[in-house]
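One structure is given here, and the rest of the page talks about it.
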Amino acid sequence: MKIVVGLGSCGIAAGAQKVYDEIKNQLEARGANNQLEPVGCVGMCYLEPIIEFIDEDGKKYTYTKVTSDKVADILSGILDGQPLEDNIIESAETNKLSKQKRIALKNCGVINPENIHEYMEHNGYEAIKKCVQEMTQEEVIGEIKISNIRGRGGAGFPTWFKWNVAMNNKNDQKYIVCNADEGDPGAFMDRSILEGDPHAIIEGMMIAGYAIGAQEGVVYVRAEYPLAIVRLQKAIDQARELKLLGSNVFDSNFRFDLKIKAGAGAFVCGEETALIASIEGERGMPRIKPPFPAEKGLWQKPTNINNVETLANIPWIINNGGKAFADIGMANSQGTKVFALTGKIKDGGLVEVPMGTSLREVIYEIGGGIRDNKECKAVQLGGPSGGCVPKDLLDTLVDYEAITKTGAIMGSGGMVVMDDTTCMVDMAKFFLDFTCKESCGKCIHCRLGTKRMLEILTRITEGDGQPGDIELLEDLGNGIKEGSLCGLGQTAPNPVLSTIKYFREEYEKHIIDKTCPAKQCKALLTYTILQDKCIKCGKCLRNCSVEAITKDDNKVFTIHKDKCIQCGVCFDVCPVEAVLVN
Amino acid sequence: MDIRININGREVIAQDGMTIVDAAAANNIDIPTLCHDDRLETYGSCGLCVVEVEGNPKLLRACATKVQSGMIVKTKTERVKKSRKLALELLLSDHAGDCRPPCITACPGNTDCQGYVGLIANGKYEEAVKLIKEQLPLPASIGRVCPHPCESACRRGLLDEPISIAWLKRFVADIDLKDDDAFLPDIRPATGKRVAIIGGGPGGLTAAYYLIQEGHQVVIYEAMPKMGGMLRYGIPQYRLPKEVLDKEIGIIEKMGVKMLTGIKVGKDIEFKRIQSDFDAVYVSIGAWVSSGINCPGEDLEGVMGGINFLNKFVTNEPLKTGDRIAVVGGGNTAMDACRTSIRLGAKEVTAIYRRTREEMPADEIEVIEADEEGVNFKFLVNPIEILGEDGKVCGVRLQKMELGEPDASGRRRPIPVEGAEEIIEVDSVVVAIGQDVDASGFDGIDLTKWGMIEVDPNSFQTNIPGVFAGGDAVNSSNRVAIQSIGDAKKAANVINSYLNGEHVPYKKPIYSEQEKTVEDFIEFGRNNRPEMPHLSPSVRKKTFDEVVSGYSEEAAIADAMRCLECGCHDVFECKLVAYANEYDVAPKSFTGEIHERKTEDKHPFILRDVDKCILCGLCVRTCEDIMGIGALGLVDRGFDTIVKPGLDTPLKETGCISCGQCVSVCPTGALQERLMINKPVPVKPAETVTTCSFCSVGCTTNINTVDDLLIRSTPASTNASEKGMLCVKGRFGFNIAQGPERITKPLIRKDNVLTEVSWDEALLYTAKKSQALSLLHGSDVLAISISDRYTNEEIYVAKKFGQSILKTNNITSFNSKAGGVIDVLGYDASTNTFKELMSTETIIVVGTDLMRDHAIAGLKVREAVKAGAKLITINSSETGLDQMAHLKVNGEKDINFLKEIQKALIDLGCQPNNAHGFDELKQELEAIIPTETAKEIATIYKNSKKAIIVFGQNDITEDAARLIANISVISGHVGKPHRGIIQIKPQNNSQGLRDIGIKKDIDTVKEQIKNSSIKGLLVFGEDVSNFDLSNLEFLMVQDVFLTETAQLADVVFPAAAPLESRGTYTNTERRIQQCKQVIKPEHQIENWELIVKLANILGGTMKYENTEAILSELALVHPEYFKVNKEANTNIWPVTGSPVLYEEGFNFDDKKARLAKVKNGPMFTESQSTDNLTNRFIEKLIKEELL
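In the order they appear, the protein sequences are chains A and B. Sequential numbering of the first sequence, starting at 1, is according to this note's numbering. Sequential numbering of the second sequence, starting at 10001, is according to this note's numbering.
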C-alpha cells in the first residue's frame, strides 16, 4: 500500500503538511512500513488536503479535505481493510478528471517530485534519450512541427518555428530559457507543474537544448515560488548526480546543464526581452524587437525562450509522437491546455482540457458551475492582458483563434469566472491597476496611458464619470495598444476594451445614472433600511462607525445619506436582510 | 550595399542594415524622436518615430526597423500623427513646469520679459533692447504707458512686489535712445512688394517696423498732423514725453518707412486707390470717437469726449473748461483727463464713476497719483442729466448706485438706488466712458454690428483680400497699446507670408504651464522692488514734466536680479515643446496626477528637475554606455518611474565625473547646465565652435554667448572621433577666466605697489628695463618663458621676438619637459592618433590617470577595451582605468621595471634591425632578471600584432620616456598604423610649443636664474609659484589674473584668455586645430599684438595683418606645418605626409633609431602645471568636492 499526500503550495496552504506529518507519525507508531510519498497538486485545489491510498492492485482510495485529527481513523480503516466512507472522493469528482486530458499535468499529484526515480519509472528521461540516441536536431524539430504545439505562455506562437530559427543561427553559444515568471493574478499552472513534476521541465529543456544546439539553460522562476525553486533545484541536483545533466548525456556528444534564476517579482519580467535583461542583472525592462531573442538574446547570443507548460508537453510529444498530440484538439490548436479556474466557480483548481472543449463545459462540467448556483456573467481569460467573454459566448471553444475573436486571449491559462455580483468596470479597473503598477515605465503610452485610463476608470467608479469617458477610454486604449513597445502595454487595455465591448451599458449606468448594477462600487451605493423587514435589533446602529444611523422615538432606524460612507457594515451585520443596497 | 526604398512617395537610396530613421535622415526626411541617439543602442521608448510600412498592419518604430529593398514607408499618415500626438499629450499631462514664464504669456505682445529682465540683470543692455525689439519697436514709450499685464502675472508678486518689468524696459530703451546709433535691425534685400499701413499709431508703426525688415516697401498714411496715434494724442506729456515718442518713431523712419501725415483715407485719398497701389494693406485706425453719455444735456456747450479733450490739448486747440470739471468714467483716459485738468489749473476736478474704486479699470498707480494730485472721486454715482444754463453746462444730476451681482466681466454690476439723486455744480463735463471706431471712408470693408472692422482673429484678414486690420479698430476690449502692437506684430508675419504667397495664419504657441503658489518661492526671500523716484504731487500738479524719472543702473540691476526665473531655461532647445507645437497637441487633453518631486541636488554644474523628465533614458544610457560611469539609473516602476542616482545619493557623491553629457542629451529641461552668469536667463545664444584650451586632447567645443557673456560650452561633434564629448574642464571650466579679479589694465611696481598705468607707459618701461639689462650684461641675461596654453601664432611671435629683437636664446616654457622620446625616435611627438586605439590589440597606459586628467582620451581607451583591446596599466597608484585593465601594476615605482620589460622582450627574441645601440643595450641589461609581471607584459606586448603605449609626458621621467621609446623600437611596435606611442602632453598646445622650437631646457634656465646669469625674465601666461624668482632684476608677467608670479613682477600686462584669442593649437596627436576668438578681451589687445608692440618699441619692424599671416610665416619656417589648411581641424603634421610617424624610418639622417641607455632612478615624476587657469579650475573642483 502506497500513500501519497498532495504537497503542492495549495495543499500545504490547506494544511497538508500537518496531515503528512501525522500520517508519518502514525505509521511509525504502528511500525508500518508503508510507502509514504509527497506529490504535487492533482488539480482539485478546492478539495485539499488530499490523500491517496493505492494498494498493490492499483486500487485507489482518495480522501479529500482531510484534517490531521481524521488521519488516525482513515489510516486505521485502510490498513484494517475497512476503508472509511467519510471524506472519500465522490465519483462525480473522478468524472471531472475523466473529462480532462492530462499531458502537461500527467505526473502532477501522481509522482513524488523530489524523487527522480519515480519520474523515471513514468517514462522519465526516455524522450531525451530517444532524441540524443536516435534523432537528429532536424528530426526533433520535425516532430514538434508535426505536433504543431503553440506557445502556452499566451501568445500561441508555433514552438517549432522558434526552435528552427534558433537552430539555424550558427553561433557556438546558445541558450534555452524556461519562462517560469508566472505573474497573472489568479494563475498558478506553472507553479503546479514546477512543484509537481520538475523533471518534466528539465527534460523539456534538454530536448529543446538538443534541438537548437544549446548547452546551457536557465529557468527564470519568480522568487514568490519558493517551493517550486526548492523542488526544481533538487531535481537538477538529482539529474546531475545521475549524469543526465552534464557532458555526454546518454553517452552521446550532447552536453547540457541548467541553472535557476530567481526573479524579483516584476510582472513585466515575463516579457521575454525584459526577462533576459533581468537574468543579465539589468533592470527588468523590455527592449525593442527586432532583434528577436532567437537572433540576439541572453548575453547577445541566440536564445530560445519557452514557457513551463510548453516545455512540460515536449517529452510527451517525443515519446508519443507529434501526430498523437496533433490528433487532440482543433485544426490549428492542438493538444491540451491547462487552466487555473478561479473566481465565482464552485470547484476551483487546475484543469487540463483538450483543445476544442467549450468554455461552458470547462465551467459547468469540470468546474461544477457557479457558486451559489448563480448565473455566469462572464469569464475573464488571460489575466491583465486578456479580456472577458460574456455568458452569451460561453460556447466558444478553447482554441487560439476562436478566443481571440471574442476580444479575449487564450493567455497562459488564467480563467476567472464572474457572476452578477462582479462589476465589470471595477473588474477592468482591477486589472488595469495591476498593469499600471507593473508597467516598467519605459514607454510613454504604457506608463502614462494606463495611468490616465486608470484615473478615468476610478472616477467612473466613484461617481465622477463624465459623458465622453467611454469614448476617451476607447481612444486611449487603442492608442496604447498601438504605441506600446512590449506585450504588456500592447495588451494592457484589453480588459477595459473588452468589457466596454460587451458591457457598455454597465459603464453608462455608472457614468450617467451614477449607479453600479453589481453593487460593488461603494461610492455609488445607497443604503436604506426596509422598515417592513427591520426587526429593530439595533445591530446596524451599533456597528456604524460614522453614526450615520439613528433611531427615533418610534424605534424607526434610518440611514442618513449625508453621513454614510458606504462601508456596507450595516448590510453585512443585518440578520434579516433589512438593509437595501441600491 | 545600396538599396532603394520609398518614403512618402519619394524613391530614396539607403544602405543595407540602416534603420528607417537613419535612411530617412540620410535623405533629409525628418522623423521625430525623443529617445534615439545614434551613438547608443536602439531604445524605442518614446514611440514618436512610428511609421507605417506597406504590408505591415502595425505601426513600426522607425528607430528599430531595418530598411528592406522595395520597402514603402509613410511617415506622416493620419494614423501616425495620431499616435505621436497621443504620446506627446500623455507626456505633457505629467510635465510639471512652465516653458515660458507668466509674464510672457500674459503680455498681449508676447515680449520676452524674462529674457530682457535677465539680460539687464547681467548688464547686457544692448542685447536686452535687441530682444525687446524682436516683439516691440517702441519700448521707451510702452515702458512708460503700458498697464503691464506682465507685472500683474509676475509671480514675484506672490512674495512681495512684481518685478518692475515696464520700468526696466524703459530703462534699457532710454539708454538705447541716448546713444546716437540706437539699435537698428537688419533689413532683408528688397522684395519689390509694397505695403500700405493706414494709421500711424502704435499698431501701424509696429506693422511697419516688422514689414520693412522683411524687405518690403512700407508707407504709413496718418490722418493726424503727426505720427504716434493715441500715444501722442491720447496720453499726456507727463506720462509720455513726446520727445521720447519722436525718437522712437524717428528710428522707424530711419529704417526707410515712408510716413505721410495729415492724410485721411476716404477724404484725402480713396481707399480703393490704396488697395490698387499696394500689394497689401494693414488698417490700424484705432478708435477715436468718444462714446456718448446718452442722457439729456449731452449737447450742451462744455460737454466733451475724454479723448477729444486730451487731443485738443495736444494740438493746442482752445479749451474753455472753466474751474470746475467733472470727468465721467473710471479708465485710464478718465484719469488722464482728470490729471490734465489739474495741470491746466482747474480748481475742482471730480471723477465720477458708477462703481467703486475696486472696480476701476484704470491702472492702480494712475488712480493713486490722481488722488495725490487732488482729484475728487465720487463713486457709485451715474450722470442721468447734464444741467445747463444759457446752453452751457452748469451741473450734473447724479443717480446714486449700489453694487449687485457680478456681470460677465466679473465686476459687480451697479444698480440704481431708487430715488437717491444728487446734483453737483460744474462748468464742464468730460465724458471718458469709451471710444468707438470711425470706419467711414473704408468703402467695401465689412464691419461688426458695433461698427468695428471685422477680421479673422488669427489671420487678421478682412473681407477684402489683401486687406488686413488689427488694433483698437478690431478689438472691443483690451484697448491698450501693447494689444495693438501684439496684433500688428502677428499681422505683419501673416502679411509677410501673404506677400510670399503662403498666407499662414498666426498660431498661438503651445506651452506647458503650471500653477504655483507662494510656497514654491519662499526660499527666494522677500525683497521689494527698488524705490522709483517720482515728482512730488505738489510739484507735478503744476507741470507737465514726466512724473516717473526712471531707474538708475544700480536700481535696475537690483530689480532685475529679483526675477524668479519661472520660464524654463531650455525652452529654445526643448524637443518636447517643439514637437508639441509641430503636432498641434492639446496639453490639457488628459488631466490627472502630476508629479511634483522637486529635486534638491546641489551639484555645482548640473541642475536636475525630474518633474520635467520624460524618461527617454538618454541620460542614463549615455552615462552608462558612452561615459562608462553609470551615475544615473531608472528607479521604481510605472507612473512613478524616476531617473536618479542610486540609493538617492546626491549626484556629486556618485561616480559622476561632471562631464555634462547627460545635460547635452536631455531633450527637455530635466537636466540643465547651471548657468554661471549673474542671472541665469533663457536666451537664444550665438554659437562659436572652437577647440578646448585645457588639456592636450583637443576636443571641439561649442561656446554659446550673448554678446560677450559666456553662457555655456557644449560638446560639438564636428570631429568624428570625438563623438561630441567634453570632460568637466571643457564643459564647465570654459569661463574660468571670467570674473571681477581679471586684470584689464597694465600695472607697474611703484613704491613696491603694483599700480595701474597706461599701456604706453608699461610697454616703454618693459622695453627700457630689458634694453638696460642687455646693454649692461649682454643679451643672454634676458629670458622669455611662454605658456603652452598660448596659440602657435602667439608662441611663434614670442620666439621671434626673443631671438631677433631681444637676441637671446633663453626662450623656454616652465611647463615643458625635454621629452625623452625625441632622443630615441627623433621627434618629441606622439607617433599615432587616438582613433587608432580602436583598432589596437593591446594598450599599455603608463603614468597617467587618464580618466581624471584627460578624460576624453581615457574614454577612447575605454572604448577600445570594450571593443576587445587588452589594457595594461602601470602607475604609481590606482587610476580610473585600472578596473578595466587586464593587468595593472601599481607598486613598481623604479625605472628598473621598464628595463625588466625591455629585457624580457629581448629574452623573447626581439631584435630591431633599424636601430643603433642594441648590442650595448643588451649588454647593459644582462644582469637584469625580469619579474613574472614584467615577463607577462612583455609577452602580451610582443605577441600583439598591434600595440600602442600611452603615457603622460609630465607624469613620468624623461628616462622612463626613453625606455618606452626603446621598448617600442625593440619590439617593432612603432612606425606603422595601430602601433606606436601616444604621449599625452599636459596642455592644449604643449605639442605646438615644442614644434615651434621652444626647447631650451627648463632646468638649465632655472639654474641660470639661480646663479643670476639670467637677470631679466619676460613671462607670458605662466605661473611658476613653486620656483624662486627673487634673484631676477626684472620680471614682466602677462596673465589673465594677478597670479602669484604676477604679484612678484615689476610689470604686469593683462592677457587675453583662450576664448579671447585666435589662431591654432596643436594637440597631442599633432592635429593642428583652430582656436577661434569667441569674445573680445576687455582690454582689446590680443596676446600676439602685445608681443608685436613690445618688439616694435625695441626697434623691431614686426607687422602682421592677423593671425593667419603669422601662421603662413610659421608654416614656412617649420616644414611639418607647411601647407597647413587654416580652415580645417583635420591637419595632422607633417601636413603633407602620413599621420603615422616614422613609416619611412626614424627622424635621423640614417633613419635609424638611437636606443637609449639610462641610469637607475624613479619612473614617475610629479609636476605642477604653470597654467593658472587650469589650476584655478582644479581648485574650484576641489572646493566643490568634485575631485
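Using N, Cα and C, we set each Cβ at its ideal position, and we do this for glycine too.
If contacts are defined as beta-carbon pairs under 8 Å, then residue i and residue j qualify, I think. What distance do you get, rounded to the angstrom?
i, j, result
"Glu10298(B)", "Ile10386(B)", "6 Å"
"Val221(A)", "Ala228(A)", "6 Å"
"Ile10874(B)", "Val10889(B)", "5 Å"
"Gly10109(B)", "Leu10136(B)", "5 Å"
"Val10219(B)", "Lys10258(B)", "4 Å"
"Gln10213(B)", "Lys10193(B)", "With a Cβ gap of about 13 Å, Gln10213(B) and Lys10193(B) do not count as contacting."
"Ser10290(B)", "Gln10114(B)", "So it is not a contact: roughly 38 Å between Cβ atoms."
"Gly10306(B)", "Ala10432(B)", "3 Å"
"Val10643(B)", "Val10665(B)", "The pair is not a contact, with the Cβ atoms about 12 Å apart (cut-off 8 Å)."
Please confirm whether residue i and residue j have their CB atoms less than 9 Å apart.
i, j, result
"Ala529(A)", "Leu580(A)", "The question names Ala, but residue 529(A) is Ile in the sequence shown. Taking 9 Å as the Cβ cut-off, Ile529(A) and Leu580(A) qualify as a contacting pair."
"Lys11202(B)", "Val10753(B)", "Given a span of 10001 to 11187 for chain B in the structure shown, any question on residue 11202(B) remains unanswerable."
"Ala104(A)", "Glu48(A)", "no"
"Lys10085(B)", "Val10504(B)", "no"
"Ile10614(B)", "Pro10667(B)", "yes"
"Gly367(A)", "Asp184(A)", "no"
"Asn319(A)", "Thr159(A)", "no"
"Thr303(A)", "Ala166(A)", "yes"
"Lys10247(B)", "Leu10184(B)", "no"
Under a three-way DSSP split, which group does residue i fall into?
i, result
"Glu10126(B)", "helix"
"Val10889(B)", "strand"
"Pro315(A)", "helix"
"His445(A)", "helix"
"Ser10721(B)", "Here Ser10721(B) scores only 49 on pLDDT, less than 50, and its place in the model is too uncertain to base an answer on."
"Cys45(A)", "helix"
"Ala11045(B)", "Correcting the residue type first, residue 11045(B) is Thr in the shown sequence and not Ala. Three-state result, Thr11045(B): helix."
"Phe11027(B)", "coil"
"Cys570(A)", "helix"
"His199(A)", "helix"
"His10916(B)", "strand"
"Arg10749(B)", "strand"
Open item on the list: If the cut-off is 7 Å on Cβ atoms, which residues from the stretch 10094–10118 of chain B count as contacting chain A, listed in chain order?
Closed with: Asp10094
Open item on the list: Give me the subset of the stretch 442–463 of chain A whose CB atoms are less than 7 Å from a CB atom of chain B, sorted by chain position.
Closed with: Lys442, Cys443, Ile444, His445, Arg447, Leu448, Gly449, Lys451, Arg452 and Glu455
Open item on the list: Across the stretch 10110–10126 of chain B and the stretch 10451–10462 of chain B, are there enough close Cβ pairs to call them in contact, namely three or more that are closer than 8 Å?
Closed with: no
Task: Selection of the stretch 285–313 of chain A by Cβ proximity to chain B, strictly under 8 Å - done: Met285, Arg287, Ile288, Lys289 and Pro290
Task: Members of the stretch 10597–10625 of chain B that neighbour chain A once the beta carbon cut-off is set at 8 Å - done: Ile10614, Leu10615 and Gly10617
- [ ] Below 8 Å between beta carbons is the criterion; list the residues of the stretch 10043–10055 of chain B that meet it against any residue of chain A, in chain order.
- [x] Tyr10043, Gly10044, Ser10045, Cys10046, Gly10047 and Val10050
Open item on the list: Across the stretch 137–149 of chain A and the stretch 159–170 of chain A, are there enough close Cβ pairs to call them in contact, namely three or more that are closer than 8 Å?
Closed with: yes
Task: Within 7 Å of chain A by C-beta, residues of the stretch 10065–10092 of chain B in sequence order - done: Ser10083, Leu10086, Ala10087, Leu10090 and Leu10091
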